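Chains as they are written, first to last, in the working numbering: chain A, 4 to 427; chain B, 2 to 288. Backbone N, C-alpha and C fix where the C-beta goes; we use that ideal spot for every residue, glycine too. These numbers come from a predicted model, not from an experiment. What follows is a single structure, written as C-alpha cells, with notes after it.
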Amino acid sequence: MRSILAIATAALIGLAQAAWADTEITFYYPIAVGGPLTKVIDGYAAEFEKANPGVKVKPIYAGNYDDARIKALAALKAGQPAQISVLFSIDIYELIEQDVIIPWDDVATSAADKAWIKSFYPALMMNGTYKGKAYGIPFQRSTIVMYWNKDAFKEAGLDPEKAPANWTEMTQMAGKLVKKDASGNVSRWGVMVPSTGYAYWMFQAFARQNGQDLMNRDGNKTNYAHPDVIAALQYWRDLGAKHKVMPEGTVEWGTLRQAFTEGKTAMMWHTTGNLTAVKGSAKFPFGVAMLPASKQRGSPTGGGNFYLFKKTTPEERKAALAFVQFMTAPERAADWSMATGYVGISPAAYDTPKLKAYAAEFPPAVVARDQFQYATPELSTFQTGRVRKLLDDAIQASLTGQKQPADALKAAQTEADKLLKSYR
Amino acid sequence: MRNVYGWLLLTPAAILLIGFTHYPAVATLIDSFFSTGTVVRPSRFVGLANYALLADDPIFWQVLRNNLAFAAGTIPTSIALALLMAIWVNDKLPARALVRMSYFTPTILPMVAVANLWLFFYTPQIGLIDKVAAVFGMPSHNWLGDPSTVMACLAVMTVWKEAGFFMIFYLAALQSLSPELEEAAKIEGASRWYYFRRVTFPLLMPTTLFVLVNATINSFKLVDHLFILTKGGPDNASNLLLYYIYQVAFSFFETSYASTLTVVLLALLAAMAIVQFQLIEKRVHYR
C-alpha cells in the first residue's frame, strides 16, 4: 500500500515537473572577442537551470553579430523556437521594423522588475530604448578608450603617467612620440585610430568630443554635415595628412593591436574589448585613459543587448525575464566583465567584492566605467546598414585624401536624408 | 520501361540541381521585380524599378569597374605564370616533386587562411613586405589603406593562390603530349621558342580555354579575402560585385536589390562563358 502511494506521489511529482519543463528558452548569441566564451555562457545557463527547475535554457552560439542577427531572424521566420537573443545593440530599429521584438517593459511589470530596468548605466540603455520603452537589456557592452605605451612616453621625455587630455595635447604629444630611423622613415607613430570595419564608431567619438551626436533619438535623422562634425573629420584627417603623427590612408582595425604591442604606435584608440588581450601581449607598461576632449570628452558605447521576441507565450516571457535578470545580476555581470573585458553593466556590478578587488589590482578595468558619463549611443537608425556605410565611405574617402571632409560628409548627409525621409 | 529506369537514375541529381541551382536562380530573377517587404510594408511588384536604382547606384558601377580591373589583373597573369611553372616543373630537374608540391601548396590552403597570412604581409611597419623594404631603407607603405594600391595587393595575392592550381592542368596536358613531336621538331632544327609557339601552345589550347573559363568565374566568385583584408574599403576601392551583393543582402537587408545585383552577376558570367566557348572553341581543336 505504501509503495503504491509512493509510486503515485512520484508520478504526480513527475507530472508536475513535466508540466513545468515545458518552458524552454532558446537564445542565440554572438561572440565578437577572443577566448573560450561559449563555455562561460553554457555554465551560466546550467547554473540558472539548477536554480529554476522546470525551465530549460538552450544557448546557441551564432557567430559574429551579423551572423547572429541573420540566424535569429531566419529561425523566427521558419517557426523555430527562439524566445530571446543577444544581438547587436544597434539592430534595434531593424528589429522594430521587422516587428519581431517587444519591449521588456511589457513583461517587467512588478516594482522590483521596474527597478531592475533602471539599474543599468543610462549610457548603456540609450541604444536599447525606443519611444521611452526598453527593448534592449545591456549584456556584452564595450566602449572606446585610449591605450598608451609608457616606455615610449618616457623615451620622448613625456610624463609616462599622463595621457593627453585634449586634442591639442594629443597632437603635440604624438608629434614628440614619432620616431624616425636614420634614413628618415617612421619607425614609431604617435597615435593610431582604426578606420576599417568600424570607422563610423571611431568617428562618433571625434564628433561627440566636438560637441555633436551623429543621429537623433528616433533614428530617423542623421547629423553628418554639421560644421563641428566636419571639423572633427578634418582633425582626424589632419593627424595623418598635416601633423604626420598617424599613417596616411586607413588604419586596419584587425592588426592595430599588434602594431601597438610591437611598439609601432605610442598611442591607440581601441575598444575595451581588447583590454585583456593587450594585457596579455604587451611587453611594456601601458596605461588606459579616457579619450581626449575637444569641447568635451566623449565616446560611443557598443556591443550586444538582450532582446525579447514577440512570438512567445506568457510563460516563456516570464521565464525569459527571470533568465535575463539572472544573467545581468551584479555578481554575474562582474564575472562576465572580468572574463571578457566588456564593461560591467550596472553600478552594482562594480560594487561587488570581486570586481572591486580586480580593479584595485588592475586600474584600467574601470576607465570605461568612468567614461560612461560622457558616453553617446552607437550610430543606429532605420535603414541602419546603408546609413552607416554612407558614413564609413565618407570617412575613408577623406582619410585617403580622395575627398575633402566637407564634401564627403555633405554628400553622405544628402543620401542619408533620402533614405530616412519616409521614417519621419 | 527503359525510360523510367533512366529517369530514376537522373532523379537524385536533378532534385539537387533544381532545388539548389535552378529554382534559386529563377526565384532571384522574380524577386528582382519586387520591392523588399517588411512587416509594415509588404513586398509589391515594382517592375524595373530595382534596375533603374542599379543604373543610378554609383557604388554598383564602381564595384563593376573594380571587378573588371581585378579580372584583368589576375586572369592573364595567373595563366601565364601557371604555364611557365608547368613547363618548368615538367622538365627533368632535381627535387622535381618538391618543386611541384611547393607551387601547388597555396591552392590547398583555404582562402580565409591565405587572407589572414597576407594581412600580416601587407600590414604597415610590422608586415613582412615593409620589414623587407626597411632593410633596403625604403619607407613604410600603407598597402591596404591606400586606394591606389589596395586592388593590386588583392590581385597579387589571388595570383599567388591560383597559379598553382592552373599549373596542375597545364602539367597534365603537357605530359599527354607525344614526345615524338619534340623529337621531330629537333630533327627539323626548330628552336625551343619556335617549338613552343607553333606546337606546344596550340596543343594546349583546350586546357587554356578550360583554365580561362575557371579563372574568369573565380575572379567574380572569390570574395572570401575581402572579409579579412579590407571589407571592400577604403571607400569601396577594393569592393567587388559579389561582396557588394553580400553587403546589400545581409547588412542592408535589401533583398530585392541584392537579387537585382545577383541577376546582373549571373547574366555577366553567362555572357562571358558563351563568348569564351563560342569564339575560342573555333581555334581550340587541332586534330
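Per DSSP, the continuous beta strand (DSSP E) segment holding residue 144 of chain A begins and ends at 140-152. When the beta-carbon positions are compared, residue 138 of chain A and residue 104 of chain A come within less than 7 angstroms of each other.
The beta carbon of residue 244 of chain A lies closer than 7 angstroms to those of 251 and 404 in the same chain, with the five residues before and after it left out.
The C-beta of residue 353 of chain A has 16 or more other C-beta atoms within 10 Å across all chains shown, which makes the residue buried. When the beta-carbon positions are compared, residue 87 of chain A and residue 311 of chain A come within less than 7 angstroms of each other. For residue 33 of chain A against residue 44 of chain A, the beta-carbon gap comes to about 11 angstroms, at or over 8 angstroms, which does not count as contact.
Around residue 403 of chain A, the beta-carbon contacts reaching into chain B at under 8 angstroms are 146, 147, 148, 235, 236 and 238. In the displayed model, residue 254 of chain B falls within coil according to three-state DSSP, outside both helix and strand. Residue range 129-136 is occupied by the alpha helix (DSSP H) that includes residue 132 of chain B, with no beta strand (DSSP E) assigned at that position.
Residue-level contact check: residue 283 of chain B does not touch chain A, since none of the beta carbons of chain A fall below 7 angstroms from its beta carbon. Per the DSSP secondary-structure output, residue 191 of chain A pairs in a beta bridge with A/182.
No Cβ-Cβ contact shorter than 7 angstroms links residue 276 of chain B with residue 30 of chain B.
The stretch 56-98 of chain A is shown to contain whole alpha helix (DSSP H) runs of 4 or more residues at 68-80, in chain order. Excluding sequence positions up to five before and after residue 389 of chain A, its CB lies within less than 7 angstroms of the CB of 422, all in the same chain and listed in chain order.
Residue pairing by DSSP places residue 26 of chain A opposite A/58 in a beta bridge.
If you ignore the 5 residues before and after residue 313 of chain A, its C-beta comes within less than 8 angstroms of the C-beta of 102, 103, 104 and 105, all in its own chain and listed in chain order. Going by beta carbons, residue 186 of chain A and residue 233 of chain B fall outside the 7 angstroms limit. Under the Cβ criterion of 7 angstroms, residue 80 of chain A is not counted among the residues facing chain B.
Within the model, the alpha-carbon separation for residue 160 of chain B versus residue 243 of chain B is close to 19 angstroms.
Sequence-ordered contacts of the stretch 254-279 of chain B with chain A read 254 and 255 [C-beta pairs closer than 9 angstroms]. When the beta-carbon positions are compared, residue 178 of chain A and residue 248 of chain A come within less than 7 angstroms of each other. Straight through space, the alpha carbons of residue 169 of chain B and residue 340 of chain A are spaced by roughly 52 angstroms. Non-local beta-carbon contacts of residue 379 of chain A in its own chain, meaning distances under 7 angstroms to residues more than five positions away in sequence, involve 207, 211, 216, 301 and 303 in chain order. Following the DSSP letters along the chain, one finds residue 270 of chain A inside the beta strand (DSSP E) bounded by residues 268-274.
Per DSSP, reduced to three states, the secondary structure at residue 107 of chain B is helical. Using a CB distance below 8 angstroms, the part of the stretch 242-267 of chain A facing chain B consists of 250, 251, 252, 253, 254, 255, 257, 258, 261, 262, 265 and 267, ordered along the chain.
Cβ neighbours of residue 145 of chain B within its own chain (closer than 7 angstroms, five residues either side excluded): 123, 151, 154, 230 and 231. Excluding residues up to 5 positions away in sequence, 259, 262, 263 and 266 lie with their Cβ nearer than 8 angstroms to the Cβ of residue 246 of chain B in the same chain.
Here the alpha carbon of residue 356 of chain A sits roughly 14 angstroms from the alpha carbon of residue 365 of chain A. Straight across, the Cα-Cα distance linking residue 68 of chain B with residue 327 of chain A is about 46 angstroms. Against chain B, the beta carbon of residue 69 of chain A has neighbours under 8 angstroms at 251 and 252, listed in chain order. For residue 42 of chain A, the three-state secondary structure derived from DSSP is helix. What residue 221 of chain A touches in chain B, judged by beta-carbon distance under 7 angstroms, is nothing: the nearest beta carbon there is about 15 angstroms away.
Cα atoms of residue 235 of chain A and residue 193 of chain A: separation of roughly 19 angstroms, rounded to the nearest angstrom.
In the same chain as residue 391 of chain A, and ignoring 5 residues on each side of it, the C-beta atoms closer than 7 angstroms to its own belong to 203 and 382, in chain order.
Residue environment analysis places residue 324 of chain A among the buried positions, since at least 16 neighbouring C-beta atoms fall within 10 angstroms of its C-beta.
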